[in-house]
């Protein structure tokens with residue numbers, strides 16, 4: 001049965017603090033009668049959870065989504081109803097809501113605070129109670145301020161890190177990052193607001209001082225951005241570990257040294273954790289500073305995604321061997337300071353370590369936005385990234401378009417397209433999407449140009465209950481929100497840093513790693529990127545193979561200039577399948593690196609009947625590691641423009657024991673093509689497949705599906721075709737048919753599964769005086785609508801000959817080719833006798849939806865240049 005889980009937070013709209021001990025009711029709005037679906041009491045932080053299934057509400061049979069509003073009671077008095085702002089058509093699963101109320105008691109002991117940043121030129125001692133210095137230096141009208149807001153007092157914003165240490169960190173950051181322009185961090189102070197003081201009015205008054213750069217109400221305690229909705233028994237449920245497009249393919253990264261995060265430090269910043277959880281305790285996670293105070297289950301779920309221990313219990317973390325610690329936003333039981341928590345963490349980390357900000361804030365009139373919207377937090381994040389610390393930041397669960405969110409001074413600091421206002425902290429910002437592919441942005445996730453990456457924001461299996469519980473053996477399968485997404489990206493960052501440290505002997509800088517993780521070429525796009533605007537989900541396999549290049553990447557060339565990347569060029573002119581009538585003594589010396597034949601595609605091309613023939617396969621390895629036991633398999637086919645698997649006949653396989661890295665050419669030993677298997681002397685097409693234990697070659701049967709065939713021949717570098725033939729440019733005696741023409745026979749097949757419309761193109765680069773005719777069955781000529789006075793019909797043989805441009809291309813009409821059809825054609829080429837001492841090329845290619853799917857190439861050469869090597 002469908003289940004709905006509502007996670008809410010009731011806050012005082014003036015102090016932005018949670019309100020404890022009040023009753024919240026959830027109602028389904030109905031045309032006939034509203035239905036009560038659940039009721040609960042807020043905890044000491046103002047949080048509540050209501051869970052119900054579809055049996056609780058009345059909806060039409062075709063609409064099983066409730067339309068929710070909430071009632072808030074103090075004692076028995078109704079103090080708030082959201083019936084005028086109904087949440088329509090709530091989806092099953094997890095939903096988060098914030099309800100603001102007036103004039104309620106806040107979290108015990110906490111008072112609102114105003115953060116004040118003095119202009120950089122203002123020189124104040126970094127100490128508490130600076131009123132005497134403000135008066136002495138005439139920085140502002142303190143007497144008037146104190147009169148209007150009695151009982152206020154200035155304090156340092158940063159307490160746990162000494163001023164001298166902050167100066168040292170700033171100096172180090174300036175040296176490491178030339179783009180870093182440090183503000184005076186020791187110009188940040190905070191003013192506690194006693195009961196009865198309006199923090200917004202105080203911030204406005206301080207902002208009017210010319211010596212104050214900005215003053216704003218600190219976001220205060222805000223619920224973390226969760227929408228809680230092998231031998232590790234639950235790892236099978238951790239789909240975010242799986243290959244793309246479903247997950248980030250952490251399992252692939254684990255096969256490389258450092259891919260489990262070994263050697264990299266990780267810090268999680270939020271409000272609470274159960275550090276002695278059964279699947280975390282062996283990780284030895286410690287608290288850097290602050291108080292482990294609340295939302296224990298939330299922090300436990302985050303840690304489980306990243307560093308759950310690889311044991312016989314529960315889950316396994318993405319970077320299970322990273323060294324983990326935590327730092328709390330609760331600096332004391334009543335002091336909440338996100339900026340100082342970050343500063344405390346970065347003071348203990350090294351270049352390339354990773355800090356996760358599991359937090360969001362309510363500031364400048366916006367709810368549940370990224371914490372860097374607050375200037376003090378932004379400045380500390382920027383210090384951290386300048387120091388080389390990778391910072392991953394939850395985008396928040398407010399459902400906001402961050403391009404329209406404004407911070408201090410009304411500026412769009414999160415809008416990358418607003419070059420005037422935008423401020424780049426260097427953090428990797430993470431949004432949330434559905435757990436199933438294609439991944440759709442979830443409605444609560446903030447979005448916009450500032451978002452770099454996304455990951456699962458629902459159905460995450462991990463440790464803890466995802467919210468406030470602190471049992472040491474609890475697990476959940478419904479963790480989510482940008483709180484659930486951010487640890488997945490954090491795990492990817494730790495994995496990549498670990499592999500980089502092992503294989504490259506250095507770590508990526510924050511900007512480098514952000515560029516790698518957010519690269520559209522290696523990431524999994526969301527369902528509708530222009531609408532979703534949450535970046536990409538990292539694909540560790542693609543990053544490892546193309547960026548780190550720490551694995552082997554063996555390929556076989558489609559044409560001489562092929563580098564192993566997907567391409568739109570020829571797929572049928574491989575120089576790496578060599579056919580000879582006699583075996584060579586040392587294939588590597590004859591055809592390998594340094595042989596002088598590396599880029600020759602005329603080494604061997606014609607089978608001789610009545611004897612064994614020998615095939616050699618060449619491969620290159622553009623990866624960063626040697627490849628072992630690469631198996632090359634070769635098939636033969638009749639010469640055809642489209643060589644689908646139903647035309648293939650197996651010749652044999654050979655193992656290449658070692659293919660070194662460095663893109664060096666390695667050559668196999670011979671595959672013997674037994675004489676009894678050779679149909680006759682002449683030209684054949686060869687198909688080569690390569691594979692290994694870690695990257696098996698595809699099965700030919702998989703290519704009988706046309707879509708698979710098209711994608712594979714274009715996007716994979718472990719299959720190739722050799723459909724390149726060297727022929728005598730002189731007509732065969734006595735005169736040829738027609739006279740003085742060289743006849744080049746080939747097949748034009750249909751696809752294996754069903755009829756499809758395709759067309760042919762003939763391309764020739766022949767000298768003046770040359771002539772080319774395409775001979776095809778008459779029914780094919782008619783289907784192409786190619787009849788004209790210039791087309792010669794041979795009624796007896798039911799063929800026609802079309803004249804073709806000998807110095808360019810001739811694109812023929814589109815034809816419906818029946819499934820598995822085999823059309824016999826000939827290309828007829830005449831070269832003037834006086835010009836036959838030179839070599840020329842001509843090819844025919846088959847097109848489907850204007851994309852080449854196969855071709856046959858002939859090189860016409862003088863007889864004395866056709867001798868095959870021995």
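In this note's numbering, the protein residues as written are 1 to 870. All residues carry an ideal CB built from backbone N, CA and C; glycine is no exception.
Whole runs of the alpha helix (DSSP H) within the segment 162 to 197, excluding any shorter than 4 residues:
163 to 176
Provide the residue span of the beta strand (DSSP E) that contains residue 578, from first to last.
577 to 580
Give the list of continuous alpha helix (DSSP H) stretches no shorter than 4 residues that lie fully inside the segment 616 to 695.
none
The alpha helix (DSSP H) with residue 488 in it runs from where to where?
481 to 503
Among the candidates 174, 383, 310, whose CA atom is the shortest distance from the CA of residue 344?
383
With three or more beta-carbon pairs closer than 8 Å as the criterion, would you say the segment 668 to 682 touches the segment 597 to 613?
yes
On the DSSP bridge assignment, give the partners of residue 453 in chain order.
430, 536
Determine the direct distance from the alpha carbon of residue 213 to that of residue 467, and round the result to whole angstroms.
37 Å
Give a yes or no on whether the C-beta atoms belonging to residue 285 and residue 491 are separated by under 7 Å.
no
Near residue 154, what residues of its chain come up, given a Cβ to Cβ distance below 6 Å and the 5 sequence neighbours on each side ignored?
130, 189, 191
Contact set for residue 126: own chain, Cβ-Cβ below 7 Å, skip 5 residues either direction:
156, 163, 186
Under 7 Å between the Cβ atoms of residue 427 and residue 482?
no
Alpha carbon to alpha carbon, what distance is there between residue 475 and residue 396?
23 Å
Given a cut-off of 7 Å, decide if residue 659 and residue 588 are closer than it, judged by their beta-carbon atoms.
no
8 Å Cβ shell around residue 85 - same chain, five flanking residues per side excluded
69
Hey, residue 326 and residue 249: beta-carbon distance below 7 Å or not?
no
So within the segment 279 to 333, which uninterrupted beta strand (DSSP E) runs reach at least 3 residues, ignoring any that extend past its ends?
323 to 328
When 256, 124, 522 are compared against residue 211, the one with the closest alpha-carbon:
124
Pull up the CB-CB distance for residue 263 and residue 498, whole angstroms please, since I reckon it's below 8 Å.
6 Å
For residue 117 and residue 147, the rounded distance between their alpha carbons:
21 Å
Residue 768 to residue 519, Cα distance in whole Å?
50 Å
Ignore the nearest five residues each way along the sequence and tell me which others in residue 374's own chain have a CB closer than 8 Å to its CB.
115, 216, 218, 219, 338, 339, 361, 363, 407
Could you tell me the distance, in whole angstroms, from the CA atom of residue 413 to the CA atom of residue 98?
24 Å
Put residue 387 into one of helix, strand or coil per three-state DSSP.
coil
Run through DSSP, which three-state label would residue 139 get?
coil
Range of the contiguous alpha helix (DSSP H) that encloses residue 252
250 to 253
Distance, Cα to Cα, residue 105 vs residue 72?
Per-residue confidence for residue 105 stands at a pLDDT of 40, beneath the threshold of 50, marking its modelled position as unreliable; the derived number appears in the next sentence. Cα to Cα, residue 105 sits roughly 14 Å from residue 72.
N-terminal and C-terminal residue of the alpha helix (DSSP H) that residue 341 is part of
338 to 346
Take residue 541 and list the residues in its own chain whose beta-carbon comes closer than 6 Å to its own, dropping the five residues that flank it on each side.
249, 252
Distance between residue 525 and residue 32 (C-alpha atoms, nearest Å):
44 Å
Using the beta-carbon count (16 or more within 10 Å), is residue 687 buried or exposed?
buried
Whole-number beta carbon distance between residue 574 and residue 558, since they are thought to touch under 8 Å:
6 Å
Are the beta-carbon atoms belonging to residue 690 and residue 556 less than 7 Å from one another?
yes
Suppose you measure from the CA of residue 179 to the CA of residue 722; what does that come to, to the nearest Å?
52 Å
Given 8 Å, three or more beta-carbon pairs between the segment 509 to 519 and the segment 271 to 279:
no
Starting from residue 809, trace the beta strand (DSSP E) in both directions and tell me its first and last residue.
809 to 811
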